[in-house]
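All residue numbers for the sequence shown refer to my numbering, where the first residue is 32 and numbers rise by one. Glycine residues also receive a C-beta, built at the ideal position from the N, C-alpha and C atoms. Please read all numbers here as calculations on a predicted model, not as lab measurements. Each remark here refers to the structure printed beneath this line.
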Amino acid sequence: MKHSILLIDDDQELCSLLKEYFTAEGFEVAMAHTGTEGLQLALKQNFDLILLDVMLPEMDGFEVLKALRVQKMTPVIMLTAKGDDFDRIFGLELGADDYIPKPFNHRELLARVKAITRRVDHYKQHSPDDTFTIHQLRLDVASRSATVNGEVLSLTGTEYEVLLLLVKTAGEVVDKQTISRQVLGRPLVPYDRSIDMHVSNVRKKIAALSEHTYIKTIRGAGYIFLKA
32 MKHSILLIDD DQELCSLLKE YFTAEGFEVA MAHTGTEGLQ LALKQNFDLI LLDVMLPEMD
92 GFEVLKALRV QKMTPVIMLT AKGDDFDRIF GLELGADDYI PKPFNHRELL ARVKAITRRV
152 DHYKQHSPDD TFTIHQLRLD VASRSATVNG EVLSLTGTEY EVLLLLVKTA GEVVDKQTIS
212 RQVLGRPLVP YDRSIDMHVS NVRKKIAALS EHTYIKTIRG AGYIFLKA
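What follows is the structure, given as structure tokens:
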């Protein structure tokens, strides 16, 4: 089955090139050139992945992502300006799964896309009966759901994977490089704060439902999910 991608970018020439490239790689590609049009398509149809540019007419990429996350957790890769750390961090705070700076290498973008679509395939095909319960937190692997004190924890796919990895290794320190390779499917590069932001998002969402500290930062080493 082909994976479907929604490309939201006002650079029509780039969109045409990327559509041709990804179609040749076996993907189905839909395009939108304004934020408003992109959001409407993203909410109307079920895509496996969205490539979302930050600079868009009518609604910028952040507005689109924020509105999307109210209703859907479709994986999103943000297309950001090279060197603009604010765009990257803000996008991750709003629930983007990953980002890639422009101009980018098409092969690198393809690798990022395939890493996420492999995870989507895993969700659809692999339904183990495992559940993990620590304190008031419960993870159901089959349904890919999480609850705290019985309240649903609304997580993106990447946030869920980060939390699941930490829960599976509870009591052990997991370094950021390991988390990035296993969850994002890529190594971290210098000054890359992706994992920091995903962990921060998970912490904030848990903190809204529980006063218990679940995830501790081990400075210079990584993160640990506390058993007690």
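Checking 8 angstroms against the spacing of the C-beta atoms, do residue i and residue j come in under that value?
{"i": "leucine 31", "j": "lysine 50", "result": "Only positions 32 to 259 of the chain appear in the structure, and residue 31 is not among them; the question remains open."}
{"i": "threonine 111", "j": "leucine 87", "result": "no"}
{"i": "threonine 200", "j": "glycine 126", "result": "no"}
{"i": "valine 220", "j": "tyrosine 254", "result": "no"}
{"i": "serine 176", "j": "lysine 236", "result": "no"}
{"i": "leucine 70", "j": "valine 95", "result": "yes"}
{"i": "aspartate 79", "j": "threonine 148", "result": "yes"}
{"i": "glutamate 56", "j": "leucine 141", "result": "yes"}
{"i": "leucine 168", "j": "valine 179", "result": "yes"}
{"i": "valine 107", "j": "aspartate 128", "result": "yes"}
{"i": "proline 132", "j": "lysine 113", "result": "yes"}
{"i": "tyrosine 130", "j": "arginine 138", "result": "no"}
{"i": "asparagine 232", "j": "glutamate 182", "result": "no"}
Considering Cα atoms alone, identify which of the options is closest to residue i.
{"i": "alanine 252", "options": "Asp227, Asn232 and Tyr245", "result": "Asp227"}
{"i": "threonine 67", "options": "Lys97, Asn77, Phe78 and Cys46", "result": "Lys97"}
{"i": "arginine 143", "options": "Val183, Leu82 and Leu184", "result": "Leu82"}
{"i": "glutamine 208", "options": "Pro218, Ala201 and Lys199", "result": "Pro218"}
{"i": "arginine 224", "options": "Gln71, Asp115 and Glu56", "result": "Asp115"}
{"i": "valine 172", "options": "Leu141, Thr162 and Asp152", "result": "Thr162"}
{"i": "isoleucine 210", "options": "Tyr222, Leu197 and Gly202", "result": "Leu197"}
{"i": "leucine 215", "options": "Glu192, Glu203, Asp41 and Tyr222", "result": "Glu192"}
{"i": "glutamate 203", "options": "Lys258, Ala238 and Arg150", "result": "Lys258"}
{"i": "glutamate 59", "options": "Lys33, Met104 and Pro134", "result": "Lys33"}
Which of the three DSSP states is assigned to residue i in this structure?
{"i": "threonine 248", "result": "strand"}
{"i": "lysine 133", "result": "strand"}
{"i": "threonine 178", "result": "strand"}
{"i": "arginine 217", "result": "coil"}
{"i": "phenylalanine 23", "result": "Because the chain is modelled from 32 through 259, residue 23 falls outside the range shown and cannot be assessed."}
{"i": "leucine 87", "result": "coil"}
{"i": "valine 205", "result": "strand"}
{"i": "leucine 197", "result": "helix"}
{"i": "alanine 127", "result": "coil"}
{"i": "serine 241", "result": "coil"}
{"i": "lysine 103", "result": "coil"}
{"i": "tyrosine 222", "result": "coil"}
In the DSSP assignment, what are the bridge partners of residue i?
{"i": "alanine 98", "result": "Alanine 98 pairs with nothing; no bridge assigned."}
{"i": "serine 35", "result": "Glu59"}
{"i": "valine 183", "result": "Thr178"}
{"i": "arginine 169", "result": "Thr164 and Thr178"}
{"i": "leucine 82", "result": "Leu38 and Ile108"}
I'd like the span of the alpha helix (DSSP H) that includes residue i, first residue to last.
{"i": "arginine 234", "result": "225–238"}
{"i": "phenylalanine 117", "result": "116–124"}
{"i": "lysine 75", "result": "66–75"}
Could you check where the beta strand (DSSP E) with residue i kicks off and where it finishes?
{"i": "tyrosine 254", "result": "253–256"}
{"i": "valine 107", "result": "107–112"}
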